[in-house]
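Residue numbers (my numbering): 29 to 431. The C-beta atom is built at its ideal place from N, Cα and C for all residues, glycine as well. One structure is given here, and the rest of the page talks about it.
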Ligand SMILES: [Zn+2]
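What follows is the structure, encoded as structure tokens:
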């Protein structure tokens with residue numbers, strides 16, 4: 029509840045790093061608290077990353093593991109002056125948020141709340157998001173550090189802690205020093221429902237279609253003008269409306285999605301994101317999309333197009349499939365903590381997808397954060413506690429499985 033009161037909203041338009049300096053306000057608090065807890069190697073670097081070490085308590089050579097969460101909150105909803113409210117012993121009723129009583133959290137909209145009867149639920153007050161995404165993860169890792177330092181009799185290897193800025197703007201791991209981090213395997217704490225264990229994310233590319241038309245004075249344009257704006261309109265209209273889009277797909281289905289149009293008569297640009305769980309299928313989506321573009325532009329003599337694709341991130345399963353023990357240990361740890369593990373797909377990317385390809389295979393573990401990026405965001409205290417319990421077990425599973 030303290031961490032969410034620090035405004036750490038990131039900014040997708042900013043080019044500096046971190047995207048907003050205020051993210052360091054929380055980083056500084058975490059740095060001081062980590063020192064008070066008594067962990068080692070506490071460092072806040074110039075980019076706003078916080079690194080720390082929970083030292084090993086065993087003679088075994090256990091692989092170094094890392095627990096990671098992000099400090100920033102989503103640009104989609106204000107994170108300024110967050111007023112967290114603790115609703116103890118929640119009984120399934122509608123939660124009316126006091127600072128804007130039109131904001132009501134109901135079990136109809138949020139059925140997961142029905143599973144949380146008797147829990148203590150934290151919400152915001154109606155004007156802002158809560159920021160449980162991902163300060164729940166931060167709090168869980170802080171509590172873990174405190175617990176393990178207080179209980180040196182618990183056997184575990186060296187554990188690295190990493191708190192990142194700018195996850196929500198897709199740049200969270202841009203300046204992570206992997207060598208300094210020095211961990212072989214990692215886990216992000218950024219999942220939702222209790223028991224969620226995520227080892228698969230989308231593979232993602234971006235595509236840009238540039239349509240070139242021919243400009244002319246509108247009064248004398250007959251037979252001369254070719255409007256790139258109109259061609260772009262026809263191109264977007266030619267995309268399927270009942271499939272192949274975010275609003276018509278779920279589970280393992282991929283899609284293409286126009287995210288921005290910017291246009292003049294002479295030149296109009298349409299930006300796309302392309303998503304699939306099968307990395308190899310991205311090329312099929314690109315070819316199909318370019319085919320529709322090509323056919324549309326071909327109807328307009330004098331017009332031409334360019335189509336370029338850039339890689340964004342890859343499904344971490346491409347890495348994790350060869351290292352099943354990383355997720356298996358988390359699965360085992362949840363069961364020991366009395367949590368029923370459930371494998372989920374992430375229809376998006378996480379810091380973990382990128383970290384997996386930077387040399388630190390990194391599934392995602394639940395925190396209890398729900399209704400994220402909105403004023404209806406909430407988190408169960410008991411879910412957070414179960415996540416701490418899971419990490420305590422997980423650290424021990426890694427130690428036990430090391431010969
Ligand atoms: Zn998050």
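Express the C-alpha separation of residue j and residue i in angstroms, rounding to a whole number.
i           : j           : result
residue 251 : residue 258 : 15 Å
residue 301 : residue 295 : 20 Å
residue 304 : residue 66  : 43 Å
residue 247 : residue 293 : 14 Å
residue 127 : residue 166 : 26 Å
residue 385 : residue 231 : 12 Å
residue 208 : residue 190 : 11 Å
residue 179 : residue 205 : 29 Å
residue 408 : residue 215 : 21 Å
residue 435 : residue 269 : For residue 435 there is no data in the structure shown, the boundaries of the chain being 29 and 431.
residue 379 : residue 195 : 6 Å
residue 57  : residue 282 : 40 Å
residue 217 : residue 254 : 52 Å
residue 319 : residue 291 : 21 Å
residue 224 : residue 328 : 51 Å
residue 54  : residue 182 : 29 Å
Can you tell which of the options has its C-alpha closest to the C-alpha of residue i?
i           : options               : result
residue 98  : 37, 126, 128 and 114  : 37
residue 237 : 248, 263 and 255      : 263
residue 267 : 313, 232, 244 and 421 : 313
residue 351 : 318, 368, 101 and 388 : 388
residue 175 : 135, 254 and 83       : 83
residue 143 : 428, 398, 338 and 92  : 398
residue 221 : 48, 371, 383 and 34   : 371
residue 280 : 229, 291, 299 and 125 : 229
residue 31  : 48, 41 and 61         : 61
residue 261 : 307, 324 and 233      : 324
residue 420 : 394, 337, 169 and 330 : 169
residue 125 : 134, 119 and 117      : 134
residue 119 : 157, 147, 136 and 78  : 147
residue 116 : 367, 151 and 188      : 151
residue 428 : 91, 330 and 334       : 91
Using DSSP with H/G/I as helix, E/B as strand and the rest coil, what is residue i?
i           : result
residue 341 : strand
residue 224 : strand
residue 22  : Because the chain here runs from 29 to 431, residue 22 falls outside it and cannot be looked at.
residue 307 : coil
residue 98  : strand
residue 261 : helix
residue 115 : strand
residue 182 : coil
residue 280 : coil
residue 64  : helix
residue 197 : coil
residue 204 : coil
residue 407 : strand
residue 362 : helix
residue 41  : coil
residue 351 : coil
residue 150 : strand
residue 214 : strand
residue 398 : strand
residue 120 : coil
residue 434 : The structure shown does not extend to residue 434, since the chain spans only 29 to 431, so no value can be given for it.
residue 93  : strand
Tell me residue i's beta-bridge partners as DSSP assigns them.
i           : result
residue 371 : 225
residue 333 : 239
residue 285 : 301
residue 80  : 189
residue 163 : According to DSSP, which records beta bridges pairwise, residue 163 is partnered with nothing at all.
residue 413 : Note: residue 413 sits in no beta bridge, so no partner.
residue 231 : 304
residue 50  : Its beta-bridge partners do not exist; DSSP assigns none.
Checklist line | Nearest-residue set for ligand 1, Cβ under 6 Å from any heavy atom | finding: 98, 161, 162, 195 and 218
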